[in-house]
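Student: Sharing a structure below in structure tokens format, with a few things to ask.
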Amino acid sequence: MLHRYRGMLAAILAAGALLAGCSGQREAQDAGNYTTHSYQDGTLLAYSQGKGLDGRFRKELRQDFAGQQLALTDEKFTEDNHGNTSYQYLINSQPAQNITLHVFSSRPERVSRITDWYGGQPLTETSGARTEIYNKDNTSLIYTSMGKEKGKYSEKIKKLFTNLLEHLGTDSHSH
470 MLHRYRGMLA AILAAGALLA GCSGQREAQD AGNYTTHSYQ DGTLLAYSQG KGLDGRFRKE
530 LRQDFAGQQL ALTDEKFTED NHGNTSYQYL INSQPAQNIT LHVFSSRPER VSRITDWYGG
590 QPLTETSGAR TEIYNKDNTS LIYTSMGKEK GKYSEKIKKL FTNLLEHLGT DSHSH
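If you're matching positions, the sequence shown starts at 470 in this note's numbering and goes up one per residue.
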């Protein structure tokens, strides 16, 4: 009988150790999910509040455009799994007039992606569309205009983009 109790006790201890191991593994998995979930929530919150590395730049971009009576509307946001982020806006709610801000994880990434997406030229024009590209470090600002009003805001945008990129990363930019 004593032998039977020892066998049952050994089985209970083995089952307890197995459950504790599974529970510990589950806790580690839950902690990882919580951390990832918290990071994603924090990223989304920072994005929605205009904070983070590119939040101040986007705020300055909107303010500078508003100062020229160019409202940036219909913001769209995308982020890939390499840390590259893009924001797209319509100018004065006009679908044929838009700008895109690309913030890449590095300068080489920017050079590679912009060349792949837009070609190697700072200006491309077809009968239906015009695309103007301004770059600095890991950032690209793109103005695309289409149709009858192709290039409508080219002069204003050139001044705005040039000024914004000149201040990128300086103390005057990071207020």
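The beta carbon of each residue, even a glycine, is placed where N, CA and C say it ideally should be.
1. CB-CB under 8 Å to Asn607, same chain, minus the five flanking residues each way: which ones, in chain order?
2. In whole angstroms, give me the CA-to-CA distance for Thr547 and Asn553.
3. What are the start and end residues of each continuous beta strand (DSSP E) run of 3 or more residues lying completely inside the region 581–613, in chain order?
4. Expressed to the nearest angstrom, what Euclidean distance is found between the alpha-carbon atoms of Phe534 and Leu541?
5. Using a Cβ-Cβ cut-off of 6 Å (strictly less than) and excluding sequence neighbours within five positions of Thr593, which residues of its own chain qualify?
6. How would you label Lys621, buried or exposed, when you count the other beta carbons within 10 angstroms and need 16 or more for buried?
7. Output yes or no for whether 9 Å exceeds the beta carbon distance between Leu637 and Lys617.
8. Can you find a C-beta in chain C that's less than 9 Å from the C-beta of Ile560?
9. Leaving out five residues on either side along the sequence, give the residues of the same chain with a beta carbon under 7 Å from the beta carbon of Asn567.
10. Just verifying my parser: in three-state terms, what is the DSSP assignment at Gln563?
11. Does the separation of the CB atoms of Leu570 and Ser609 fall below 9 Å?
12. Among the residues of its own chain, which have a CB less than 7 Å from the CB of Lys619, if the five just before and after it don't count?
13. From Ser596, Pro591, Thr595 and Ser562, pick the residue whose C-alpha is nearest to that of Thr631; which is it?
14. For Phe534, name the three-state secondary structure that DSSP assigns.
15. Ends of the beta strand (DSSP E) at Phe573?
16. I need the boundaries of the alpha helix (DSSP H) containing Leu541, first residue and last residue.
17. Within 10 angstroms of its Cβ, does Asp585 collect 16 or more other Cβ (buried), or is it exposed?
Tutor: Concretely, from the data shown:
1. Val572, Phe573, Ser574, Ser575, Arg576, Glu578 and Arg579
2. The C-alpha of Thr547 lies about 8 Å from the C-alpha of Asn553.
3. 592–594 and 598–605
4. 7 Å
5. Thr600
6. buried
7. no
8. The structure shown has no chain C; it contains just one protein chain.
9. Gln557, Tyr558, Leu559, Ile560 and Thr613
10. strand
11. Pairing Leu570 with Ser609 gives a Cβ-Cβ distance under 9 Å.
12. Ala598 and Arg599
13. Pro591
14. helix
15. Per DSSP, Phe573 lies in no beta strand (DSSP E) and is assigned neither H nor E.
16. First-last for Leu541: Leu541 to Glu548, but that is the beta strand (DSSP E), not the alpha helix (DSSP H).
17. Label assigned to Asp585: exposed.
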